[in-house]
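In our numbering, the protein residues as written are 193 to 632. All C-beta atoms, glycine included, are put in the ideal place defined by N, C-alpha and C. All figures in this text were calculated on a predicted structure; none of them were measured in a lab. The structure under discussion appears below in the form of structure tokens.
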């Protein structure tokens, strides 16, 4: 028998489910010839992992057949059912009043009510100590880093980290409370991780004019192996800038890159020694930090350019395999102005101050770290509105303070990357630590 205790609406609620000989939990069984009914949903508000009860009839006791969704597609964890009450945990969902639906097996889906979801938000330190530079492995608290240059999410709570001021590549396992050094000889770009999480790619950005490429495979315990010593570009183009950033698109065929002087190109993962320079004239890199990401929602690439205080959009051609530069001229200044600042609002009027990295979540929204402003911004794809979601606008005045997002402080945030739950890991350059912005 399974015995559960829920605390809902100020009351302790016990439930039991026992399996009979035919492996179906005892209690009221679901009758496919009869409709299911819902009489009550409680509570009607809360956040992620809030315990809920749906009361009604004909739910049955087999939790594998019971389906409860919030906001259309967010599936709840079903803990138990006695036939007239379903017990579950609220999933992560958007802020606001979201519709709750119930179905059993192949029954019609019915409305159970609405749930007012309030996200739980927190900034915390994951690894390292704010403002303390070093190269120390060990526990998350004892580890030290030398200015974070890139974060790749290998799995939830497993991070691949490159350092901008050293040749170290580090592995952070939050679950194992451990930081280890994978390599001491590669000045790595921002990593790119395959969708299936089987491998990651890093470019050694110290080899200006060349493009050494390394692959780190899960099967090799993430040990870097060189797959290209240099890249030969179609048409005889030569590389002039440092490769700070790379990304993959939804085809997973190419490793795209952006150099410090605005060279946008790619190499084939099947033959990484051959490359295509797709555009080297329309994005003013300026020799400083750039960050490149692909948006799976709208199919465009986005680039942050630090000394321009702007975000650029690259619209690929219909035939994305085309290597003709004339097909890759769809570049616009997408957000920000030539002025520096921390003004929120419509993207064309919003101002940034020395943008560091950017990232794109599962809904296509852009997240930007304003390095000089010490804040994290969100650019909503649907509305084009820029808002500050974490940190306090204090130009050139960094600190490492955890807590509520808009009360927390950052110390030169340069890198941002998200996990499967859209939690964001932020790498600080001068703070030299990893922070987490959890929006649950």
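Within its own chain, the residues whose Cβ lies closer than 7 Å to the Cβ of residue 507, once the five positions on either side in sequence are excluded, are 492, 522, listed in chain order. A distance below 6 Å between beta-carbons, with the five flanking residues on each side excluded, links residue 519 to the following residues of its chain, in chain order: 509. For residue 610, the enclosing beta strand (DSSP E) covers residues 605-610. Boundaries of the beta strand (DSSP E) around residue 313: 313-319. By the criterion of at least three beta-carbon pairs nearer than 8 Å, the stretch 238-255 is in contact with the stretch 301-313.
In the three-state reduction of the DSSP assignment, residue 287 falls in the coil class, being assigned neither a helical nor a strand state.
When the Cα atoms are used, residue 436 and residue 338 turn out to be separated by approximately 16 Å. Per DSSP, reduced to three states, the secondary structure at residue 599 is helical. As computed with DSSP, residue 375 is found in a beta bridge with 361.
Close CB contacts of residue 467 within its chain, under the 6 Å cut and outside five residues either way in sequence, are with 423, 425, 457, 459 (chain order). A direct Cα-to-Cα measurement between residue 612 and residue 348 gives close to 7 Å. Contact between residue 516 and residue 549 is absent: CB atoms are separated by about 29 Å, not below the 8 Å threshold. Counting the other Cβ atoms within 10 Å of the Cβ of residue 355 gives 16 or more, which makes it buried.
Partner residues in the beta bridge of residue 269, as assigned by DSSP, are 281.
Closest in C-alpha terms to residue 240, from the list 454, 287, 544, 274, comes 287.
With distances taken between CA atoms, residue 431 lies nearest to 454 out of 419, 454, 444.
Beta-bridge annotation (DSSP): residue 416 is paired with 408. For residue 310, no beta strand (DSSP E) encloses it, and the DSSP letter there is neither H nor E. One alpha carbon belongs to residue 345, the other to residue 248, and they sit about 42 Å apart. Excluding residues up to 5 positions away in sequence, 536, 539, 542, 569, 571 lie with their Cβ nearer than 6 Å to the Cβ of residue 578 in the same chain. Residue 513 is classed as exposed because its beta carbon has fewer than 16 other beta carbons within 10 Å across all chains shown.
For residue 259, the uninterrupted beta strand (DSSP E) segment begins and ends at 258-262.
Residue environment analysis places residue 615 among the buried positions, since at least 16 neighbouring C-beta atoms fall within 10 angstroms of its C-beta. When the beta-carbon positions are compared, residue 605 and residue 563 come within less than 8 Å of each other.
Nearest to residue 448 by C-alpha distance, out of 393, 581, 408, is 393. Boundaries of the beta strand (DSSP E) around residue 448: 446-451. Cβ-Cβ distances below 8 Å link residue 531 to 501, 543 in the same chain, with the five nearest sequence neighbours on each side left out; the list follows chain order. When the beta-carbon positions are compared, residue 567 and residue 558 stay at least 8 Å from each other.
By the criterion of a C-beta distance shorter than 6 Å, residue 472 is surrounded in its chain by 455, once the five residues flanking it on both sides are discounted. DSSP, read as helix, strand or coil, puts residue 426 in helix.
Taking all protein chains in view, the Cβ of residue 555 is surrounded by fewer than 16 other Cβ atoms within 10 Å, so the residue is classified as exposed. The DSSP-derived three-state label of residue 523 is strand.
Residue burial annotation: residue 312 is exposed, with fewer than 16 other C-beta atoms found within 10 angstroms of its C-beta.
About 6 Å separates the CB atoms of residue 317 and residue 627; that is less than 8 Å, so the two are in contact.
For residue 333, the number of other beta carbons within 10 angstroms of its own is below 16, and it is reported as exposed.
Straight through space, the alpha carbons of residue 371 and residue 446 are spaced by roughly 30 Å.
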